[in-house]
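Colleague: Note that the protein sequences, when read in sequence, are chains B and S. Read in order, the letters of the first sequence are residues 47 to 499 in our numbering. Read in order, the letters of the second sequence are residues 47 to 499 in our numbering. Note that CB positions come from ideal geometry on N, CA and C, so glycine has one too. Here the structure is a predicted model, which means the values were calculated and not measured. The structure under discussion is supplied below as structure tokens; questions concerning it will follow.
There are 2 protein chains.
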Amino acid sequence: MTPMQHAEAALAADAAHADAAIWIHRQPDAAILDRARTLEAEGPRGRPLWGIPFVVKDNIDVAGVPTTAGCPGYAYTPAVDAPAVRRLLEAGALFIGKTNLDQFATGLVGTRSPYGVPRNVFDPELVPGGSSSGSACAVAAGIVRFALGTDTAGSGRVPAAFGGIVGLKPTVGSISATGLVPACRSVDTISVFARSVDEALAVQRVIAGFDGQDPYARRPPYPHLRRSAALPAPRVAMADVAPLCEPAVAAAYRQACGFLNAAPIDISLFLESARLLYEGPWVAERTAALRDVLGRRPDVLHPTTRTILESGLDRRTVDAFDAFHTLRQARREAEHLFARHDALLLPTAPFCPSLAEVVADPLGPNRRLGTFTNFANLCDMAGYAVPIGFAPDGTPVGGMLLGPAWSEGRLAPLADALHRRFAATVGATGHPLPPPPPPDTLAADETALFCIG
Amino acid sequence: MTPMQHAEAALAADAAHADAAIWIHRQPDAAILDRARTLEAEGPRGRPLWGIPFVVKDNIDVAGVPTTAGCPGYAYTPAVDAPAVRRLLEAGALFIGKTNLDQFATGLVGTRSPYGVPRNVFDPELVPGGSSSGSACAVAAGIVRFALGTDTAGSGRVPAAFGGIVGLKPTVGSISATGLVPACRSVDTISVFARSVDEALAVQRVIAGFDGQDPYARRPPYPHLRRSAALPAPRVAMADVAPLCEPAVAAAYRQACGFLNAAPIDISLFLESARLLYEGPWVAERTAALRDVLGRRPDVLHPTTRTILESGLDRRTVDAFDAFHTLRQARREAEHLFARHDALLLPTAPFCPSLAEVVADPLGPNRRLGTFTNFANLCDMAGYAVPIGFAPDGTPVGGMLLGPAWSEGRLAPLADALHRRFAATVGATGHPLPPPPPPDTLAADETALFCIG
């Protein structure tokens, strides 16, 4: 497809899907078509994302477009692109718009926004998942090929699960957080939604890179974004999650575990760390990032967001250090785990709540949604959320493969195999998954060439 | 010297020095001589510290001996040695006793203890420095060859400066903190006092090692305790510290900077981080470690320690995260610094207060003492404190060479050269420094042999 064809397809899909709540800002049709025409005239020039449409979660800066973080009263218009966005544009990608989110990326439901609630692509009575609700829906509805989200507690994975697409949660610090509205600065990362594991990884390859201006940036110890050859006998860990999940989720998870020959381990220390994110000190990190808004203009906040941010005000540092020490222990536990296993397979979310459930209880279902996702960044893991089937009532179920920091390339073949085993189409589009990457092994009529220098 | 000769020399030196305040527990003479006799009968058996007398700061466990941390009401008797102590005993070292400290290692003066104040070996009217007061004095008085201390804010460096000896502040996490009473767990390290840089490094070589039971333990990325060859043209950074120091300290520091050809840099972000240790969240980490004592038996605490620990109770986590972000920036600044410089040279302490000053103001002079030391662990640095001369009135002045984590071996030749340039004798003993290690280059009649395998 050419850039113009991509642009026209994106506009058509958006019109057909007709969900205004995906967008906080959509580029005008004319601007999209103009840009596509320019790209087409220029030709690819070796750009890996030439003409590919994408959207950006509205807590990431795009020059000249307001950044709202889901809070109109907070909005500002940045003069420069976030480095991740700049790299995408330089790679030839076609910017379509900024997407809706749980305000300040605080939530996993996708309903905490004054810009409406993006529609779950499978069932309008279910939540879309958040906080990157609009970005995930834009991919799941086939409007764009990929989207930038963010992931602190699971915002880049839960909405992937509820949209039947892939969510790549990169290693914290691998992508610059400059130009990103902070949630919990120490554990925030930009994330990628895409149609397949390898397309997500290809996007991370474009946007990743050390940024000396970002105090939480880290240098990769090796080329972590190269897809590894498939492991001959992957050692995958699983957990007894049935008591924490809806039966249909537990059933799909069992099937996924069977497919990957997973062996049971104890994850109680990770589950304990997960609770620390909102019930421990890190909620105060959110409060710290927004204390000016909270102090001076609390009325501009979504009521639920305000409740959460206020809960961070009274926490005591003396308790925080207990949590930091617990987390340190959990990180050590993760080291032990990944010394013995290539990956940990978990359900992405224990259930998918309905909109009505969340209206009735704005905090409870949301908290439960983070059961399996909250600890990944705290414990310095990377991973993929991929669809692993549907409940009998059609609710999508997601599985999550986690590895240590910098394992994106190593996990890719495993995550891709899992994805392709349990999903044939992208989100709710009915379109088949993009073709798998070329096989690791040579065909009978091929010859290996090694080039040095 | 044989173990028996070492033992007799230690007992004689202790008797001659006659400072009971060095000790919280001293092994009985008979026990020391018995152990020395056994060691002597066994022969060295390749043990690198065969018969060498040492002492242990009384916040580190020695099996069967009470650990008080300077607080009798807190004391317990451990059944097992801290790994660092176990390794020393296995290396043949001769345990002499447990030493006095600022209670719970909270202080840099050496006066906050119910066990008295160890006498400054140069001037009885000056503080000995702390918190590892007894350990530093035992080396400075020639009772033992080396001592274990600890260093969170500067406890392993300030008393080295005030005793005219070497204080090695290892990389946090390089030595197991199991069996160590926590001050600020995330930035505590066991430290070494010795007569020379290379003797200190040799001790660290014995006690260092990864401990999976210690959640803050780290694996060295390379053999960091091997003394490097001297750098042909070391690039040393210095700072304009005159406004922060007594004139005599500034003068000695200028001389040291001249000797190392140091070039000026801006250290304001490090100085800001330094203030965070007691004026920021980390004081609450101390409180967290001792909240049971503070809550149930506050009367067992030294009044000054109690005041400090109580100041950690009311700190808010929302403010802590601001400090964590500032620190992260300072760590990045340290990376930049050590990309351009081999080491940062600073005064160890800006002045040496008198006992009377500290009685008059228990908090102020102590706070000022940490000006240059407080940030090292927070910013993940390693380094050496070495004597760099005396003020005209005989007050000892110390210099500190700091490098990044895991730079102990790389800094050693530089720190040793600095030490030998400005000091001829060990502490107040009048004994010459131990001989320098063999030269890096070959003598005319030597041949290089490279053994592989």
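Looking at C-alpha atoms only, which residue of S:Gln-375, S:Thr-351, S:Pro-481 and S:Thr-363 is the closest neighbour of S:Ala-115?
Modeller: Of the listed residues, the one whose Cα sits closest to S:Ala-115 is S:Thr-351.
Colleague: Tell me, which residues are paired with B:His-71 by DSSP?
Modeller: The partner list for B:His-71 (beta bridge, DSSP) reads B:Lys-144.
Colleague: By DSSP, does B:Val-238 sit in helix, in strand, or in coil?
Modeller: B:Val-238: strand per DSSP, three-state reduction.
Colleague: What separation, rounded to the nearest whole angstrom, lies between the Cα atoms of S:Leu-464 and S:Asp-244?
Modeller: Computed Cα separation, rounded: 13 Å.
Colleague: Residues of chain A with CB closer than 8 Å to the CB of B:Asp-368, please, in chain order.
Modeller: The chain labelled as chain A is not found among the protein chains of the depicted structure, namely B and S.
Colleague: With C-beta atoms as the reference, is B:Val-443 less than 7 Å away from B:Val-295?
Modeller: Taking 7 Å as the Cβ cut-off, B:Val-443 and B:Val-295 qualify as a contacting pair.
Colleague: Taking C-alpha atoms, which residue in S:Thr-123, S:Ala-366, S:Lys-103 and S:Phe-192 lies nearest to S:Gly-473?
Modeller: The shortest C-alpha separation from S:Gly-473 is found at S:Phe-192.
Colleague: Could you check where the beta strand (DSSP E) with B:Pro-433 kicks off and where it finishes?
Modeller: It spans 427-436 - the beta strand (DSSP E) in which B:Pro-433 sits, taken as one unbroken run.
Colleague: Between which residues of its own chain and B:Pro-450 is the CB-CB distance below 8 Å, once the five residues before and five after are set aside?
Modeller: So the qualifying residues of the chain are Ala-380, Glu-381, Phe-384, Asp-426, Met-427 and Ala-428.
Colleague: Just checking S:Thr-157 against the ligand ATP - is the residue's beta carbon closer than 6 Å to any of the ligand's heavy atoms?
Modeller: With respect to the ligand ATP, the structure offers nothing, as it holds no ligand at all.
Colleague: By the DSSP assignment, the beta strand (DSSP E) with B:Leu-500 in it spans what residues?
Modeller: Nothing about residue 500 of chain B can be reported from this structure: the residues present for chain B run from 47 to 499 only.
Colleague: Just to check my reading of the structure: S:Cys-117 and S:Val-346 have Cβ atoms closer than 8 Å, yes? What is that Cβ distance to the nearest angstrom?
Modeller: S:Cys-117 to S:Val-346, Cβ: 6 Å. Contact.
Colleague: Assuming contact is defined by CB atoms lying nearer than 7 Å, are B:Ser-178 and B:Gly-202 in contact in what I supplied?
Modeller: Yes, these two residues count as a Cβ contact at 7 Å.
Colleague: Leaving out five residues on either side along the sequence, give the residues of the same chain with a beta carbon under 7 Å from the beta carbon of B:Leu-290.
Modeller: Pro-396 and Thr-417.
Colleague: Which of the residues in the stretch 305-334 of chain S, read from start to end, lie with their CB under 7 Å from any CB of chain B?
Modeller: Of all residues in the stretch 305-334 of chain S, Pro-327, Ala-330, Glu-331, Thr-333 and Ala-334 have a Cβ within less than 7 Å of some Cβ in chain B.
Colleague: What is the DSSP secondary structure of S:Val-249, counted as helix, strand or coil?
Modeller: If DSSP states are grouped into helix, strand and coil, S:Val-249 belongs with the helices.
Colleague: Look at S:Ser-274 and S:Gly-445 and say whether their C-beta atoms are less than 7 Å apart.
Modeller: Result no, Cβ atoms of S:Ser-274 and S:Gly-445 do not sit closer than 7 Å.
Colleague: Roughly how many angstroms lie between the CA atoms of B:Pro-480 and B:Arg-241, to the nearest whole one?
Modeller: Distance between the alpha carbons of B:Pro-480 and B:Arg-241: 7 Å.
Colleague: If we ignore side chains and look at the alpha-carbon of each, how far apart do S:Gly-175 and B:Arg-332 end up?
Modeller: Going by the C-alpha atoms only, they are around 40 Å apart.
Colleague: Taking its Cβ as the centre, do 16 or more other Cβ atoms sit within 10 Å of B:His-52, making it buried, or is it exposed?
Modeller: Classification of B:His-52: buried, given that the 10 Å Cβ count is 16 or more.
Colleague: Spell out whether any CB of chain S is found under 7 Å from the CB atom of B:Leu-226.
Modeller: No, its Cβ sits nowhere closer than 7 Å to a Cβ of chain S.
Colleague: Pick out whichever of S:Arg-342, S:Arg-467, S:Leu-390 and S:Arg-251 has its Cα sitting closest to the Cα of S:Met-284.
Modeller: Of the candidates S:Arg-342, S:Arg-467, S:Leu-390 and S:Arg-251, the one whose C-alpha sits nearest the C-alpha of S:Met-284 is S:Leu-390.
Colleague: Tell me, which residues are paired with B:Ile-106 by DSSP?
Modeller: DSSP output for B:Ile-106 lists B:Leu-226 as bridge partner(s).
Colleague: Just list the residues that DSSP pairs S:Gly-213 with in beta bridges.
Modeller: The partner list for S:Gly-213 (beta bridge, DSSP) reads S:Phe-239 and S:Ala-431.
Colleague: In this structure, how does DSSP classify B:Pro-393 when only helix, strand and coil are distinguished?
Modeller: Reduced to three states, the DSSP call for B:Pro-393 is strand.
Colleague: Excluding the 5 residues preceding and the 5 following S:Leu-495 in the sequence, name in chain order all residues of the same chain whose CB lies nearer than 8 Å to its CB.
Modeller: Here the model assigns S:Leu-495 a pLDDT of 46, short of 50, so the residue's position is not dependable and the matter cannot be decided.
Colleague: From what residue to what residue does the alpha helix (DSSP H) around S:Asp-338 run?
Modeller: Run containing S:Asp-338: 337-342, per the alpha helix (DSSP H) assignment.
Colleague: Of all the beta strand (DSSP E) runs that stay within the bounds of the stretch 237-316 of chain B, which reach a length of 3 or more residues?
Modeller: The stretch 237-316 of chain B contains these whole beta strand (DSSP E) runs: 282-284.
Colleague: Do the stretch 141-161 of chain S and the stretch 73-84 of chain S make contact, defined as three or more Cβ pairs closer than 8 Å?
Modeller: Taking 8 Å as the limit for Cβ pairs, the verdict is that the stretch 73-84 of chain S does touch the stretch 141-161 of chain S.
Colleague: Run down chain S in chain order and give the residues with a C-beta less than 8 Å from the C-beta of B:Leu-359.
Modeller: Per Cβ cutoff of 8 Å: Arg-362 and Val-364.
Colleague: To the nearest angstrom, how far is it from the Cα of B:Val-167 to the Cα of B:Ala-330?
Modeller: Straight-line Cα distance between these residues: approximately 34 Å.
Colleague: In chain order, what residues of the stretch 382-406 of chain S put their CB closer than 7 Å to some CB of chain B?
Modeller: Answer set for the stretch 382-406 of chain S: empty.
Colleague: What are the residues in the stretch 227-251 of chain B lying within 7 Å of chain S by C-beta distance?
Modeller: Cβ contacts with chain S come from Arg-231 and Ser-232.
Colleague: Is the beta carbon of B:Thr-363 less than 7 Å from the beta carbon of S:Pro-170?
Modeller: No, the Cβ-Cβ distance between B:Thr-363 and S:Pro-170 is not below 7 Å.
Colleague: Excluding five sequence neighbours on each side, which residues of the same chain lie with their C-beta closer than 7 Å to the C-beta of B:Ala-461?
Modeller: If we look at B:Ala-461 and ignore the five residues flanking it on each side, its Cβ neighbours are Val-243, Tyr-430, Val-432 and Leu-447.
Colleague: Which whole-angstrom value describes the C-beta separation of B:Ala-109 and B:Val-126, a residue pair presumed to lie in contact below a C-beta threshold of 8 Å?
Modeller: So it is a contact: roughly 5 Å between Cβ atoms.
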